[in-house]
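Here is the structure we will look at, set down as structure tokens.
Chains as they are written, first to last, in this note's numbering: chain A, 20 to 149; chain B, 59 to 154; chain C, 34 to 172; chain D, 78 to 195.
What follows is the structure, given as structure tokens:
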């Protein structure tokens, strides 16, 4: 089956991201496909390249990145939710004349339509909220 | 045939009860994260419709709870079981 | 990375300084001359301060997009501003068309008509010229 | 069977949920999907009249909600028990809604392919 996952909780403030990640791994272990992980609300902080957790804690942005790379999963961050909260790719940083961009590699900013699309195109869309 | 997930403690929050307002007879309710406290014997969610109950094992363990403390009739599932539930039910609705 | 950020910071600082010196006196001169300069926009041409908008500014934005505004354009532009006043959002194509149908008429309430006036993405382009925020919930 | 049901369960001002759920509704509709809305729990407070979010420096969603019909979002339900317990009347809301009973809620969810719940 084809899955997509939506993450609305911020990493390091809520378990939602951990739960979503473990669920994603279990989905892949079962031989299913994950088309897209969509980050919305505070979930967008998963896409920050500037996340720097202590060495003995999980680095969630990196874990998503590795999972995505290995399994061909799209990591899509809602552009409106992200820009508001200070998560920018190079284009948006330029557009708003900001001093730097901070979107982690492997993630892309895109519209909320990608969440709607995931709900329609996939057999299952599973959301994890804070 | 909807699988509802609930991640809030029933002792603190009305989320589980709101969820149960919307469940149909053949729906399932999976308690996860802080929602697992709703599986305790002393938890009394207002059960309007009969549903199948599940609780996520990893979240029980993380909170120092055991299967033995759970109400009768609740099925304990691990993450692989969670995925199987999402296969069986037609869609998933998350309550948080 | 640090250096790049520091450089960039200087750039933005100097931009801010320019803007600061742009104020008061110059603004006065500009309004007297009906200046041809567009007020500050982002890199896509949307106004940074929505209150900078007036019909002159609209003409200028349109010109910089290679467009000459006609009465037909103005009808849509004014209606868009009314939409924004009413709903506090920049519309997508379908709601814009519906709104036009309600307030202007069936002839204008067609996406083809809007594309003839404003090009391939009429809702976006017309919003830009009408001085509305960039639609955040774009597809 | 409609495509998308969005459930609004959070109050209007304290968090960004009301705004972000509404954004999803508008985008879904702009995408050509048939979108229905359900207000229940504290979400019914989003329907209160005379909200003045600018008093706390926020933009609010009242004006945007008036645009729902422009986006062809016409199936808007409000859970009547949630209104009752919060002392609100169905005929004094900021948009037109169809009251729905607790008994009818399960059927409403089953009628939609995808339920988003905020």
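Cβ atoms here follow ideal geometry from the backbone N, Cα and C, with glycine treated the same way. For clarity, every value in this text was computed on a predicted model and none was experimentally measured.
Here's a check: name, in chain order, each residue in its chain whose Cβ is nearer than 8 Å to the Cβ of residue i, leaving out the five neighbours to either side.
i                      : result
residue 102 of chain A : 111, 115, 128
residue 66 of chain C  : Any reading at residue 66 of chain C needs caution, since the residue's pLDDT is 46, under 50, leaving its predicted position unreliable; the model's value is listed next. Taken in chain order, the list of residues that qualify is empty.
residue 67 of chain A  : 80, 106, 121, 122, 123
residue 90 of chain C  : 71, 72, 80, 164
residue 60 of chain B  : 81, 82, 85, 86, 147, 148, 149, 150, 151
residue 86 of chain A  : 40, 43, 44, 47, 92
In this structure, how does DSSP classify residue i when only helix, strand and coil are distinguished?
i                      : result
residue 34 of chain A  : coil
residue 133 of chain C : helix
residue 154 of chain C : coil
residue 71 of chain B  : coil
residue 159 of chain C : helix
residue 92 of chain A  : coil
residue 79 of chain C  : coil
residue 60 of chain A  : helix
residue 47 of chain A  : helix
residue 74 of chain C  : strand
residue 95 of chain C  : helix
residue 61 of chain C  : Residue confidence is low: residue 61 of chain C scores 43 on pLDDT, short of 50, so the model does not pin down where it sits. Its coordinate-derived value is still stated next. Residue 61 of chain C: helix per DSSP, three-state reduction.
residue 115 of chain A : coil
residue 97 of chain B  : helix
residue 85 of chain C  : helix
residue 25 of chain A  : strand
residue 54 of chain A  : strand
residue 162 of chain D : helix
residue 90 of chain C  : helix
residue 92 of chain B  : helix
residue 78 of chain B  : helix
residue 123 of chain C : coil
residue 124 of chain B : coil
Under a Cβ-count criterion, where at least 16 other Cβ atoms within 10 Å of its own Cβ denotes burial, should residue i be classed as buried or exposed?
i                      : result
residue 84 of chain C  : exposed
residue 145 of chain C : exposed
residue 150 of chain C : buried
residue 72 of chain A  : exposed
residue 62 of chain C  : With a pLDDT of only 44 at residue 62 of chain C, under the threshold of 50, the placement of this residue in the model should not be trusted, and no figure is reported.
residue 76 of chain C  : exposed
residue 132 of chain D : exposed
residue 88 of chain A  : exposed
residue 55 of chain A  : buried
residue 161 of chain D : exposed
residue 103 of chain C : exposed
residue 2 of chain C   : One cannot answer for residue 2 of chain C here, as it falls past the ends of chain C, which runs 34 to 172.
residue 87 of chain D  : buried
residue 102 of chain B : exposed
residue 119 of chain B : exposed
residue 115 of chain C : exposed
residue 23 of chain A  : buried
residue 60 of chain C  : For residue 60 of chain C, the predicted structure reports a pLDDT of 45, less than 50, and the residue's modelled location is therefore unreliable. The matter cannot be settled from this model.
residue 139 of chain C : exposed
residue 54 of chain C  : Because residue 54 of chain C sits at a pLDDT of 43, beneath the cut-off of 50, its placement in the model cannot be relied upon, and the following sentence gives the value as read from the coordinates. Result: exposed.
residue 149 of chain A : buried
Residues in its own chain within less than 7 Å of residue i by CB, not counting five upstream and five downstream?
i                      : result
residue 176 of chain D : 155, 157, 167
residue 159 of chain D : 117, 118, 121
residue 117 of chain C : 123, 165
residue 161 of chain C : 78, 79, 94
residue 63 of chain A  : 96, 97, 100, 101, 104, 106
residue 110 of chain D : 80, 81
Following the continuous alpha helix (DSSP H) through residue i, name the residue where it begins and the one where it ends.
i                      : result
residue 85 of chain B  : First-last for residue 85 of chain B: undefined, no H or E at that position.
residue 111 of chain C : 104–120
residue 117 of chain B : 115–120
residue 100 of chain D : 94–107
residue 114 of chain D : Counting along the chain, residue 114 of chain D falls outside any alpha helix (DSSP H), though it belongs to the beta strand (DSSP E) covering 112–116.
residue 98 of chain A  : 98–103
residue 141 of chain B : 137–146
residue 135 of chain A : 132–140
Between which residues of its own chain and residue i is the CB-CB distance below 6 Å, once the five residues before and five after are set aside?
i                      : result
residue 179 of chain D : 158
residue 142 of chain D : 172
residue 70 of chain A  : 80
residue 145 of chain A : 24
Under DSSP, the beta strand (DSSP E) around residue i begins and ends at which residues?
i                      : result
residue 127 of chain A : 126–129
residue 150 of chain B : 149–153
residue 143 of chain A : 143–147
residue 61 of chain B  : 60–64
For residue i, is the beta carbon positioned less than 8 Å from some heavy atom of the ligand GDP?
i                      : result
residue 164 of chain D : The ligand GDP is absent from the structure shown, which contains no ligands of any kind.
Report the start-end ranges of each beta strand (DSSP E) in the region 168–193 of chain D that is 3 residues or longer and not cut off at the edges. Counting only runs of 3 or more, we get 175–177.
Alpha helix (DSSP H) segments (min. 4 residues) lying fully within the region 110–157 of chain D: Runs of the alpha helix (DSSP H) inside the region 110–157 of chain D: 139–142.
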